[in-house]
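A.B. asks:
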DNA sequence: CATAGGTTATTCATTTTCGTATATTGGCAG
DNA sequence: CTGCCAATATACGAAAATGAATAACCTATG
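Chains as they are written, first to last, in this note's numbering: chain A, 1 to 292; chain B, 293 to 584.
1. State the Cα-Cα distance for the pair residue 112 (chain A) and residue 288 (chain A), rounded to the nearest angstrom.
2. Skipping 5 residues on each side, what residues in its chain have a beta carbon closer than 6 Å to that of residue 140 (chain A)?
3. Name, please, each residue of chain B whose Cβ falls closer than 8 Å to the Cβ of residue 46 (chain A).
4. Please state whether the Cβ-Cβ distance between residue 166 (chain A) and residue 263 (chain A) is less than 7 Å.
5. Have a look at residue 529 (chain B) and residue 370 (chain B) and give me their C-alpha separation to the nearest angstrom.
6. What first and last residue would you give for the alpha helix (DSSP H) that runs through residue 419 (chain B)?
7. Assuming residue 218 (chain A) and residue 168 (chain A) make a contact with CB atoms under 8 Å, what is their CB distance in whole Å?
8. Would you report the Cα separation of residue 207 (chain A) and residue 223 (chain A), rounded to the nearest angstrom?
9. Excluding five sequence neighbours on each side, which residues of the same chain lie with their C-beta closer than 6 Å to the C-beta of residue 532 (chain B)?
10. Hey, does residue 81 (chain A) have any beta-carbon neighbour from chain B nearer than 7 Å?
11. Grouping DSSP H, G and I as helix and E and B as strand, with all else coil, what is residue 539 (chain B)?
12. Could you check if residue 473 (chain B) is buried or exposed, using at least 16 other CB atoms within 10 Å of its CB as the buried criterion?
13. Three or more beta-carbon pairs under 8 Å between the segment 360-367 of chain B and the segment 542-553 of chain B, yes or no?
14. Buried or exposed: residue 80 (chain A), going by 16 or more other Cβ atoms within 10 Å of its Cβ?
15. If I measure Cβ to Cβ from residue 535 (chain B) and keep anything under 7 Å in the same chain, skipping five residues before and after, which residues do I get?
16. Using a cut-off of 9 Å between C-beta atoms, extract the partners of residue 233 (chain A) located in chain B.
17. Pull out every residue of the segment 345-367 of chain B whose Cβ sits closer than 8 Å to any Cβ of chain A, in chain order.
18. Whole angstroms are fine: how far does the CA of residue 190 (chain A) sit from the CA of residue 205 (chain A)?
19. Taking residue 27 (chain A) as the reference, give the member of B:297, B:337, B:309, B:315 with the closest Cα.
20. Just checking, does the segment 173-188 of chain A make contact with the segment 143-160 of chain A on the three C-beta pairs under 8 Å criterion?
21. Helix, strand or coil for residue 232 (chain A)? Go by DSSP, reduced to three states.
22. Taking Cβ-Cβ distances shorter than 7 Å, what residues in chain B pair up with residue 10 (chain A)?
23. Does chain A have any CB closer than 7 Å to the CB of residue 569 (chain B)?
24. Taking Cβ-Cβ distances shorter than 8 Å, what residues in chain A pair up with residue 369 (chain B)?
25. What are the boundary residues of the beta strand (DSSP E) that includes residue 240 (chain A)?
26. Between residue 569 (chain B) and residue 429 (chain B), which are expected to be in contact by the criterion C-beta below 8 Å, what is the C-beta distance as a whole number of angstroms?
27. Tell me the rounded alpha-carbon separation between residue 11 (chain A) and residue 39 (chain A).
28. If you count every other CB in all the chains shown that lies within 10 Å of the CB of residue 374 (chain B), and 16 or more means buried, which is it?
29. For residue 150 (chain A), I'd like the list of residues in its chain whose CB is within less than 7 Å of its CB, leaving aside the five on either flank, ordered along the chain.
30. Going by the beta-carbon positions, is the gap between residue 275 (chain A) and residue 90 (chain A) smaller than 7 Å?
31. Just list the residues that DSSP pairs residue 145 (chain A) with in beta bridges.
32. Excluding the 5 residues flanking residue 212 (chain A) on each side, which residues of the same chain have their C-beta closer than 7 Å to its C-beta?
33. Is it the case that the Cβ atoms of residue 122 (chain A) and residue 92 (chain A) are separated by a distance below 7 Å?
34. Where does residue 561 (chain B) land, buried or exposed, given buried means 16+ other C-beta within 10 angstroms?
35. From residue 234 (chain B) to residue 577 (chain B), what does the alpha carbon distance come to, in whole angstroms?
Printed below as a string of structure tokens:
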């Protein structure tokens, strides 16, 4: 006595999420007209409408809203199945998706990944570079290198150590603007800070020296830009000791010890025994020179 | 990062259940070749096979087996959605499915259902007549009349009373074979009993007078046949007092009081407020003359 | 007030998918 | 051993779903 196929509920959920047929269609690899018609069909079969249409997009009706929760449950299970599938695929061909922030992608991976690819010629590695923590739940990635303790349930994490942070600047910059030797002096300098990323604000607050993102003159969340700016004498940045050393930036002693960032290698519990994923994680754990 | 659509899992589950593409295709309203190809596609996308093929049918591989549990969970949620949908559909058009055993379908419904249909011309009633308790969970039926206390969770039941049972036979039969007046005498008669149905065995065991289905000479689970056989002087049966009276069968006093059967009107909690279903239940509760 | 940008619905040629019919295989009963 | 039955896989014409293009519409913005 089944009225509809399960795909309809997947559609419903995705349209509700995206708020428009266009975006939902894209996320489902369909065209907008297709989705429009399929939704009409579904509503016809149900005998009532799921969305109110407007030129702003689709908004759920009460009826539609009442079904969303169950659709979300279905989605979670479906995602679990997919993780299970990829977890059981023990072949050494195919892809592994690695999620890292841009800094790691730019400065740490390039020197080690070629060796991994040489060792495993059938394996392709996809790197998702973003400062947003991508979801291991939804299998947006298989493995992630994180600079914070994993919060999600169902994750398996290996602590790789920690990276020391410090204030750094180029010699040319310091020659021109002077060397600050206390926190107050630091604030008068051209500091490279973050835009929407709150990690620094939270960290400095813990240190008893609350900094606001607005205190910084040059702001971006794209961390490689910090380093490159500093290399071109753009100002003072907070960064990894090892990275700063590599670019011949000079460490500043302003009487503050910045907390070190922990480094975690994470994957979802469901895929932890997958051979490909294991392989990549082991390789990263061994070769990653993030920690001092 | 979704590999497959949800429909694939529905397929997988149904094929696993049915054990063959043919039956699964029928239950999904598809053709066997279609299902065959879709399954091939799915297995290709997953990179491993889900079933072992033979001319006996399809049997799950270990891999396939490992996914079934999740598919079942998805199915439960999907069924919940469908109940929710039909629960919220308050129109008075469409269908209501009523599950009853054959006895009720044959002898109690015909005299009252026409009135209901006259009152609600837009409503179509589908009667599922079976002595197997059809699933209200899976929406094989919306409403059920049951002669036993509902066991499933999530069911809403209204007790309508109970039907008295007794031993009966036609006058002609008794004239020919004599009137038994004790349990032992009863056993020498031509008793009409059940085939696979265990209800009578259990009931008589409770009564301290354990009967086996094998004790009866004419066995069928199709209850209307009992009555019709008795009308044609086929033997002694256990049946409802009201029904026996209607066919002018004579009650036998063998010194045993059979336990009465409770009568319940059930529906799933999710649809209990549905207007159509409510209507039918109210009607049945009022007009059903099952109880004495 | 007009324009730009976004939305959903519709049209129609095209592609894809589907189902009928058929081939092929393997077990089972007489 | 042989014929029968039920199973899956394959071929091909028919039907259905698809997507590019377009229409029609509303909102925000200058």
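Where a beta carbon is used, it is the ideal one built from N, C-alpha and C, also for glycine.
C.D. replies: Quick answer:
1. 7 Å
2. 134
3. 377, 381
4. no
5. 44 Å
6. Premise fails: residue 419 (chain B) lies in the beta strand (DSSP E), 415-421, not in any alpha helix (DSSP H).
7. Wrong, their Cβ atoms sit about 14 Å apart, outside the cutoff.
8. 21 Å
9. 455
10. yes
11. coil
12. exposed
13. no
14. buried
15. 399, 519
16. Per Cβ cutoff of 9 Å: no residues; residue 233 (chain A) is ~42 Å from chain B at best.
17. 355, 358, 359, 362, 363, 365, 366
18. 20 Å
19. B:297
20. no
21. coil
22. 297, 298
23. no
24. 70, 73, 74, 77
25. 237-240
26. Incorrect: roughly 15 Å between the Cβ atoms, too far for contact.
27. 8 Å
28. buried
29. 157, 264, 266
30. yes
31. A:265
32. 201
33. yes
34. exposed
35. Summary: the structure shown does not reach residue 234 (chain B), with chain B confined to residues 293 through 584, and so no result is reported for it.
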